[in-house]
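Worksheet: one structure, shown below.
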Amino acid sequence: MTPALDLLKKVRAEHRVHSYEHDPKAASYGLEAAEKLGLDPSQVFKTLLAASEKGELLVAVVPVVGTLDLKGLAHAAGVKKVEMADPAAAQRSTGYLLGGISPLGQKKRLRTFIDNSAQPFATIYVSAGRRGLEVELAPGVLAEHTQAKFADIGRV
4 MTPALDLLKK VRAEHRVHSY EHDPKAASYG LEAAEKLGLD PSQVFKTLLA ASEKGELLVA
64 VVPVVGTLDL KGLAHAAGVK KVEMADPAAA QRSTGYLLGG ISPLGQKKRL RTFIDNSAQP
124 FATIYVSAGR RGLEVELAPG VLAEHTQAKF ADIGRV
């Protein structure tokens, strides 16, 4: 179990866990998950961390088929500018390793933003806190348990 799955179990949130054999040579963790689990890549989301000009870490959940729109995230967060967070800082703050960072069950609660493209789906897939482990849940359930806001933060 991971902190993300422990949280979902504790709050009795509806979810399903999917696992696959992670290939350390995979170029993209998210696309690997979509491929190995036979999922629509636009329904699989990656968790990225960005830092504001004041050093505040922000969590961005965007489709694996796209990229994070840094200006869109800055606008959503009400800050002037954001840049991708230092990987070591992201790991320290969340308690997860890169490629397995889940938006759920992080060590510190960070402001979280989910791309609007998640909303039309009945369920989406995000990292369950370990490479090779995905959790399927409704976008609203993810937002509720991360206190996230939906915003236009992804670019395809």
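For the sequence shown, position 42 matches number 45 in our numbering, and the numbering has no gaps at all.
All residues carry an ideal CB built from backbone N, CA and C; glycine is no exception.
Contacts around residue i, its chain only, beta-carbon distance under 6 Å, and the 5 residues preceding and following it disregarded
i	result
Ile127	Gln46, Phe48, Ala121 and Pro142
Val144	Ala16
Closer than 8 Å to chain D by CB, residue i
i	result
Gly143	Among the chains in the structure shown there is no chain D, since it carries only a single protein chain.
Of the residues the options, the one placed nearest residue i, counting alpha carbons only
i	options	result
Asn119	Glu56, Asp72, Ala53 and Glu38	Asp72
His21	Thr115, Ala54, Leu51 and Leu8	Leu8
Gly75	Gly103, Leu113 and Leu61	Leu61
Glu24	Glu35, Ala30, Ser31 and Val14	Glu35
Arg114	Asp89, Ala154 and Leu100	Ala154
Lys13	Lys152, His148 and Arg158	His148
Ala63	Ile104, Lys110 and Ala30	Ile104
Lys28	Arg158, Ile156, Gly135 and Arg95	Gly135
Ser96	Pro44, Lys111 and Gly102	Lys111
Own chain residues within Cβ distance below 7 Å of residue i, not counting five before or after
i	result
Pro6	Gly98, Gly108 and Gly132
Phe124	Gln46 and Pro142
Ala79	Phe116, Lys152, Ala154 and Ile156
Val68	Pro44, Ser45 and Val159
Residue i classed as buried or exposed, judged by whether at least 16 other C-beta atoms fall within 10 angstroms
i	result
Val65	buried
Val129	buried
Glu137	buried
Leu51	buried
Val159	exposed
Ala91	exposed
Spatial neighbours of residue i in its chain, beta-carbon cut-off 8 Å, leaving aside the 5 residues before and after
i	result
Leu140	Leu11, Ala16, Glu17, His18, Arg19, Thr126, Ile127 and Val129
Glu56	Val82, Lys83, Lys84 and Val85
Fully enclosed by the stretch 25-71, which beta strand (DSSP E) runs are 3 residues long or longer?
-> Counting whole runs of 3 or more residues, the stretch 25-71 contains the beta strand (DSSP E) stretches 48-55 and 60-66.
For the stretch 80-147, list the beta strand (DSSP E) runs that are entirely contained and at least 3 residues long, ordered along the chain.
-> Listed in chain order, the complete beta strand (DSSP E) runs (minimum 3 residues) inside the stretch 80-147 are 85-87, 114-118, 127-133 and 136-140.
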